[in-house]
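Structure, as structure tokens:
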Ligand SMILES: Nc1ncnc2c1ncn2[C@@H]1O[C@H](COP(=O)(O)OP(=O)(O)O)[C@@H](O)[C@H]1O
Ligand SMILES: [Mg+2]
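Chains as they are written, first to last, in UniProt numbering: chain Y, 1 to 253; chain V, 1 to 322.
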């Protein structure tokens with residue numbers, strides 16, 4: 001395995017008395033795709049959200065490209081970074097949400113521009129890149145459409161283009177197809193497969209086992225905040241050793 | 001498969017008279033209530049118009065003569081100025097207060113809560129009188145650190161003219177209400193929106209001004225329209241401290257010529273005109289912020305009586321009154 005882009009070590013998170021992540025260790029190699037499986041409430045979203053510091057960990061750390069996310073090392077201490085520094089780190093990590101979370105008051109193109117403008121890209125250049133990206137997700141003709149005028153599948157593809165616009169080195173997908181009507185799942189997975197082929201490093205939470213089998217380099221299984229199974233899809237999906245993983249897979253397959 | 005064929009195959013059941021039903025014309029239900037209410041409304045309007053026209057004590061000639069008097073126009077301009085100035089400063093203060101109120105910092109949040117509690121509780125007229133009398137409470141205001149030598153000292157007697165007292169008092173009052181309206185709008189925006197913006201690498205300020213606040217506007221504007229109209233009319237309380245606004249200019253004139261009713265009518269008509277203009281502006285602002293909502297927004301709404309002269313005047317299709 002090549003040098004990992006993402007290293008998660010001893011990552012723990014509590015909400016009150018509820019332990020949501022319990023000592024997660026995970027490496028994601030540069031240019032590889034990790035698929036995260038697990039029952040609802042097992043902590044998958046929280047894991048992703050901790051990776052770009054939307055949630056602060058209670059213990060452990062996340063490192064992306066050698067940089068600890070949200071903190072700065074100072075001797076034996078991890079000091080929380082300023083908002084500005086966290087913002088800069090986040091701009092290198094793209095995220096796609098289950099509910100799309102497009103900005104409803106902005107057109108498809110304006111949605112794709114927003115991150116670039118924040119990063120100081122000139123409007124002209126941003127528009128050119130924005131159009132390229134919309135074209136890449138098959139929505140060149142929708143640049144003037146508002147989110148509510150688009151189907152779920154189209155919205156999610158715009159959301160992917162929006163996340164890609166700031167040229168992230170890591171993409172996080174949190175159940176990107178779970179809110180879609182069945183006939184639109186394929187178009188979004190198609191865009192994600194293309195993206196994986198270009199060598200993007202991706203962490204994908206999904207229940208699409210077919211996608212995991214076809215695209216993942218690594219499949220991990222979360223249960224109750226613990227990472228109980230990890231390995232190549234051929235192993236984890238075919239002969240899981242953990243009993244909960246086996247039960248879950250037989251239910252979704 | 002055609003209907004005939006389906007009937008033959010017994011998958012559809014044919015009945016006598018189907019042909020006739022298919023050819024029947026649809027006739028809408030009669031709505032006599034609409035006609036009756038229209039007739040009644042017409043009667044009432046006719047009555048009012050007749051009395052307005054035939055009762056000589058309205059002195060419409062006097063109304064016409066004074067309507068564009070320079071002193072009244074000056075008062076009108078002052079009313080407009082004061083309204084605009086108070087609107088701007090109170091909304092700037094209101095935004096700050098709303099953001100403070102929603103802050104995770106308990107000190108900021110409490111300061112804002114206390115402010116809102118206090119200024120919502122004190123009647124604006126009372127506040128106005130207080131500011132006007134500031135000189136008797138604090139003859140001097142000093143700027144500096146308590147108990148140490150002050151940096152600057154100002155005589156309050158020179159500071160609070162009637163107009164400034166009005167500006168400050170109304171600003172503090174309106175800001176408290178604006179803060180609550182803005183806060184309501186801000187919390188109505190889904191948390192996913194700021195999360196998506198954060199994940200894109202937008203700074204806090206950018207998220208507020210470009211993502212959250214614009215989406216809060218549709219919730220903020222209708223209530224703010226009401227507040228603004230209330231403010232426009234509310235500025236008339238400055239007549240109490242002899243600031244020459246629209247109402248006070250009128251009062252000055254009728255104090256001399258005793259033509260009270262026609263001069264009050266002059267002020268009334270001016271306020272009607274101003275509020276009509278404001279409501280029209282509100283309509284267009286609402287339409288602007290409704291973009292992306294997919295709602296039909298066009299000039300035809302004006303025809304359908306949706307211009308919010310009366311808030312929310314549009315009849316809802318699913319509620320039939322009569
Ligand atoms: N902001 C929060 N506050 C309190 N509890 C939370 C919060 N976010 C998630 N949780 C809890 O953490 C657990 C894991 O949630 P989540 O990571 O969303 O799981 P998954 O994505 O696997 O369904 C759930 O029990 C959920 O109720
Ligand atoms: Mg989840």
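Idealized CB from N, CA, C, for every residue including glycine.
Just so you know, these numbers come straight off a predicted model, no measurement behind them.
Cβ shell of residue 270 (chain V) (< 7 Å), same chain only, five flanking positions each side left out: Your numbering for residue 270 (chain V) matches position 270 in the second chain. Once the five neighbours on either side are set aside, the close Cβ partners of residue 270 (chain V) are 76 and 246.
CB contact flag (residue 189 (chain V), residue 168 (chain V), <7 Å): Looking up residue 189 (chain V) in the second chain gives position 189. Looking up residue 168 (chain V) in the second chain gives position 168. Contact: no.
Where residue 102 (chain Y) and residue 139 (chain V) are concerned, what is the direct C-alpha to C-alpha distance, given to the nearest angstrom? The sequence position of residue 102 (chain Y) within the first chain is 102, counting from 1. The sequence position of residue 139 (chain V) within the second chain is 139, counting from 1. The alpha-carbon atoms of residue 102 (chain Y) and residue 139 (chain V) are separated by roughly 56 Å.
Any heavy atom of ligand 1 closer than 6 Å to the Cβ of residue 20 (chain Y)? As a working note, residue 20 (chain Y) is residue 20 in the first chain. Yes; taking the cut-off as 6 Å, the Cβ of residue 20 (chain Y) has a heavy atom of ligand 1 nearer than that.
May I ask you to list, following chain order, the residues of the region 206-221 of chain V that have a beta carbon less than 8 Å from some beta carbon of chain Y? 206, 210, 211, 214 and 215
Closest residue to residue 241 (chain Y) among Y:64, Y:221 and Y:32 (Cα-Cα distance): If you number the first chain from 1, residue 241 (chain Y) lands on position 241. Minimum Cα distance to residue 241 (chain Y) is reached at Y:221.
Per DSSP, residue 64 (chain Y) is paired with what? Translated into positions along the first chain, residue 64 (chain Y) becomes position 64. In the DSSP output, where bridge partners are listed per residue, residue 64 (chain Y) has Y:6 and Y:67.
Evaluate residue 13 (chain Y) with the Cβ neighbour count: other Cβ atoms within 10 Å of its Cβ, from every protein chain shown; 16 or more gives buried, anything less gives exposed. Position 13 of the first chain, counted from the first residue, corresponds to residue 13 (chain Y). When all chains shown are included, residue 13 (chain Y) counts as buried.
Nearest by alpha-carbon distance to residue 210 (chain Y): which of Y:128, Y:67, Y:192 and Y:230 is it? If you number the first chain from 1, residue 210 (chain Y) lands on position 210. Out of Y:128, Y:67, Y:192 and Y:230, Y:192 has the C-alpha closest to the C-alpha of residue 210 (chain Y).
Interface positions of the region 54-69 of chain V facing chain Y (Cβ-Cβ less than 9 Å), listed along the chain: none
Contact set for residue 154 (chain Y): own chain, Cβ-Cβ below 7 Å, skip 5 residues either direction: What you label residue 154 (chain Y) is simply residue 154 of the first chain in a count that begins at 1. Once the five neighbours on either side are set aside, the close Cβ partners of residue 154 (chain Y) are 139 and 142.
Among the residues of its own chain, which have a CB less than 8 Å from the CB of residue 242 (chain V), if the five just before and after it don't count? As a working note, residue 242 (chain V) is residue 242 in the second chain. Result list for residue 242 (chain V): 162 and 248, in chain order.
Note down, in chain order, all residues in the region 93-113 of chain Y with a beta-carbon under 8 Å from any beta-carbon belonging to chain V. 93, 94, 95, 97, 99, 101, 102, 103, 104, 105, 106 and 107
Note down, in chain order, each residue of its chain lying with its Cβ closer than 6 Å to the Cβ of residue 26 (chain Y), except the 5 sequence neighbours on either side. By one-based count along the first chain, residue 26 (chain Y) stands at place 26. Only 8 meet the Cβ criterion.
Does the structure place the region 254-267 of chain V close enough to the region 64-83 of chain V that three or more beta carbon pairs sit under 8 Å? Yes, the region 64-83 of chain V touches the region 254-267 of chain V.
What would DSSP say about residue 47 (chain V), mapped onto helix, strand or coil? For the purposes of this step, residue 47 (chain V) is identified with residue 47 of the second chain, where counting begins at 1. Three-state DSSP puts residue 47 (chain V) in a helix.
When DSSP labels each residue in this structure, what does residue 174 (chain Y) get in the three-state scheme? The residue you call residue 174 (chain Y) lines up with position 174 of the first chain. Three-state result, residue 174 (chain Y): strand.
Residue range of the unbroken beta strand (DSSP E) whose run includes residue 21 (chain Y): Sequence index remark: in the first chain, residue 21 (chain Y) carries index 21 (1-based). Start and end: 18-29.
Note down, in chain order, all residues in the region 173-204 of chain V with a beta-carbon under 7 Å from any beta-carbon belonging to chain Y. 192, 193, 195, 196, 198, 199, 200, 201, 202, 203 and 204
Where residue 239 (chain V) falls: helix, strand or coil (DSSP): As a working mapping, residue 239 (chain V) is identified with position 239 in the second chain. DSSP places residue 239 (chain V) in helix when its eight states are reduced to three.
Please tell me whether residue 257 (chain Y) has its Cβ less than 7 Å away from any Cβ of chain V. Residue 257 (chain Y) lies beyond the stretch modelled for chain Y, which goes from 1 to 253, so this question has no answer here.
For residue 28 (chain V), name the three-state secondary structure that DSSP assigns. Your numbering for residue 28 (chain V) matches position 28 in the second chain. The answer is coil: DSSP assigns residue 28 (chain V) none of H, G, I, E or B.
Is residue 304 (chain V) helix, strand or coil when you go by DSSP? As a first step, residue 304 (chain V) must be located in the second chain, where it is residue number 304. Because residue 304 (chain V) sits at a pLDDT of 47, beneath the cut-off of 50, its placement in the model cannot be relied upon, and the following sentence gives the value as read from the coordinates. Three-state result, residue 304 (chain V): coil.
Using DSSP with H/G/I as helix, E/B as strand and the rest coil, what is residue 254 (chain Y)? For residue 254 (chain Y) there is no data in the structure shown, the boundaries of chain Y being 1 and 253.
Are the beta-carbon atoms belonging to residue 181 (chain V) and residue 220 (chain V) less than 7 Å from one another? By one-based count along the second chain, residue 181 (chain V) stands at place 181. By one-based count along the second chain, residue 220 (chain V) stands at place 220. Yes, the Cβ-Cβ distance between residue 181 (chain V) and residue 220 (chain V) is below 7 Å.
Suppose you measure from the CA of residue 73 (chain Y) to the CA of residue 67 (chain Y); what does that come to, to the nearest Å? Residue 73 (chain Y) sits at position 73 when you count from the first residue of the first chain. Residue 67 (chain Y) sits at position 67 when you count from the first residue of the first chain. Cα to Cα, the separation comes out at about 10 Å.
For a contact meaning CB atoms closer than 8 Å, what does residue 291 (chain V) contact in chain Y? Here residue 291 (chain V) is taken as the residue at index 291 of the second chain, counted from 1. Correct list: 105 and 146.
At least 3 beta-carbon pairs within less than 8 Å: the region 107-123 of chain V vs the region 188-204 of chain V: Flag = no, the region 107-123 of chain V and the region 188-204 of chain V do not touch.
DSSP three-state assignment for residue 312 (chain V), whether helix, strand or coil: In the second chain, counting from the first residue as 1, residue 312 (chain V) sits at position 312. Only weak support is given to the placement of residue 312 (chain V): the predicted model assigns it a pLDDT of 45, under 50, and the question is left unresolved by the model.
Return helix, strand or coil for residue 276 (chain V), following the three-state DSSP convention. Reading the second chain from its first residue, position 276 is the one you call residue 276 (chain V). In the structure shown, residue 276 (chain V) sits in a helix (DSSP, three-state: H, G or I).
Taking all protein chains shown into account, decide if residue 80 (chain Y) is buried (16 or more other Cβ within 10 angstroms of its Cβ) or exposed. Indexing the first chain from 1 puts residue 80 (chain Y) at position 80. Exposed, since its Cβ has fewer than 16 Cβ neighbours within 10 Å.
If you scan the region 53-117 of chain Y from start to end, which runs of the beta strand (DSSP E) of 3 or more residues do you find wholly inside it? 59-64, 71-74, 77-80 and 93-96
Whole angstroms are fine: how far does the CA of residue 177 (chain Y) sit from the CA of residue 186 (chain Y)? Looking up residue 186 (chain Y) in the first chain gives position 186. Looking up residue 177 (chain Y) in the first chain gives position 177. Roughly 9 Å between the two C-alpha positions.
First and last residue of the uninterrupted beta strand (DSSP E) at residue 229 (chain Y): As a position in the first chain, residue 229 (chain Y) is number 229, starting the count at 1. Start and end: 226-231.
At least three beta-carbon pairs within less than 8 Å, the region 221-236 of chain V to the region 271-281 of chain V: yes
Which bits of chain V does residue 91 (chain Y) rub up against, with CB to CB less than 8 Å? One-based indexing of the first chain puts residue 91 (chain Y) at position 91. Correct list: 200 and 201.
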